[in-house]
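Taken in order, these protein sequences are the chains called A and B.
Mapped onto our numbering, the consecutive letters of the first sequence carry residue numbers 8 to 121.
Mapped onto our numbering, the consecutive letters of the second sequence carry residue numbers -3 to 110.
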Amino acid sequence: SQTIHQWPATLVQPVGSPLSLECTVEGTSNPNLYWYRQAAGRGLQLLFYSVGIGQISSEVPQNLSASRPQDRQFILSSKKLLLSDSGFYLCAWSVKGRYTGELFFGEGSRLTVL
Amino acid sequence: DQQVKQNSPSLSVQEGRISILNCDYTNSMFDYFLWYKKYPAEGPTFLISISSIKDKNEDGRFTVFLNKSAKHLSLHIVPSQPGDSAVYFCAASGGPSGTYKYIFGTGTRLKVLA
């Protein structure tokens, strides 16, 4: 069966520090991968999605970036965090080549920027 | 530009009664719609979906209705149970070939009163 893991689960970082959140998917190959953010009182905002290794589409201009170094690995990064980067970050995957299917989410990572 | 909207941030319903959650979208290219349930500090879990070729899909206590002409969908939960208390998100996907984005609404917090 397929599973998705993301870490760390919680992170408290000072403003201006770097960020790295990791996500891996097991039990499937060549998935579509996604990063979402849920800010306080807001919905799920799509940040990045990837349909293949090295292929990243950015949805929201900001100081975050994403990379997909391996087929089932998706990384969210920042060189310098802002207060507004605080939120609940969610990695997700879907079956390759389909947009009429479920999106499967990880457990989420809570980021607090102080 | 909020392409998927949930205009009711919260809803309270008595146990055993019907819960109706609403969602509107603006992009006529969307042709697949999903509902997710989310508890605090957890990833969303899939509930039910509907393709644009249908106007109704049922799964146990959950029914989703789609009105394409009005660009409106709704989730009915009958009967509502206290365990249904959570935040519910609707999502939409579809469009030109190669578009694999899932766009989420802002969520509706459902509280089922015992």
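Beta carbons: idealized from backbone N, C-alpha and C, even for Gly.
Cβ pair count under 8 Å reaching 3, the stretch 95 to 104 of chain A against the stretch 42 to 57 of chain A: Short answer: they touch.
Exposed unless 16 or more other CB atoms sit within 10 angstroms - verdict on Y32(B): Label assigned to Y32(B): buried.
Minimum Cβ-Cβ distance from Q74(A) to chain B less than 8 Å: First, the amino acid is wrong: residue 74(A) is Ser here, not Gln. No, no contact with chain B.
Proximity to Q77(B) [Cα-Cα], best of F58(B), K1(B) and S70(B): The residue with the shortest Cα to Cα distance from Q77(B) is F58(B).
Proximity test, Cβ basis, 8 Å: R79(A) and chain B: So no, R79(A) is outside the interface.
Interface flag, N37(A) vs chain B, CB-CB below 8 Å: No, because no Cβ of chain B sits closer than 8 Å to the Cβ of N37(A).
Check whether V58(A) and Y98(B) have beta carbons under 8 Å apart: No. Outside cutoff.
V67(A) at chain B interface by Cβ criterion, 8 Å: At least 8 Å separates the CB of V67(A) from every CB of chain B.
Distance CB(L40(A))-CB(Y56(A)) smaller than 8 Å: Between L40(A) and Y56(A), the CB-CB gap stays under 8 Å.
Alpha-carbon to alpha-carbon, L121(A) and G34(A): Approximately 37 Å between the Cα atoms of the pair.
6 Å CB neighbourhood of T102(B) in its chain, flanking five on each side removed: Counting only Cβ-Cβ distances below 6 Å, and skipping sequence neighbours, we find Q2.
Beta-carbon neighbours of T111(B), restricted to chain A and to distances below 7 Å: In the structure as shown, chain B starts at -3 and stops at 110, and residue 111(B) therefore has no counterpart that could be examined.
Coil, strand or helix - S91(A) by DSSP: In the structure shown, S91(A) sits in a helix (DSSP, three-state: H, G or I).
Assumed close pair S5(A), L53(A) - CB separation to whole angstroms, cut-off 8 Å: Nothing can be reported for residue 5(A): it is not among the residues displayed for chain A, which extend from 8 to 121.
Closer than 7 Å: V19(A) CB and nearest the ligand COA heavy atom: Here there are no bound small molecules, and the ligand COA is not part of this structure.
Residue from A99(A), A16(A), S91(A) and L88(A) with nearest C-alpha to P38(A): Answer by Cα proximity: A99(A).
Residue-chain proximity (Y96(A), chain B), Cβ-Cβ < 8 Å: Not one chain B Cβ lies under 8 Å of Y96(A).
Interface partners of S93(A) on chain B, CB under 8 Å: None at all; the shortest Cβ gap to chain B is about 14 Å.
Residue range of the beta strand (DSSP E) that includes Y98(B): Residues Y98 to F100.
Coil, strand or helix - D117(B) by DSSP: Outside the modelled stretch of chain B, which goes from -3 to 110, sits residue 117(B), for which no answer is possible.
Neighbourhood of L17(B) by C-beta, 6 Å cutoff - its chain only, sequence neighbours within 5 removed: Result list for L17(B): L71, Y84 and T104, in chain order.
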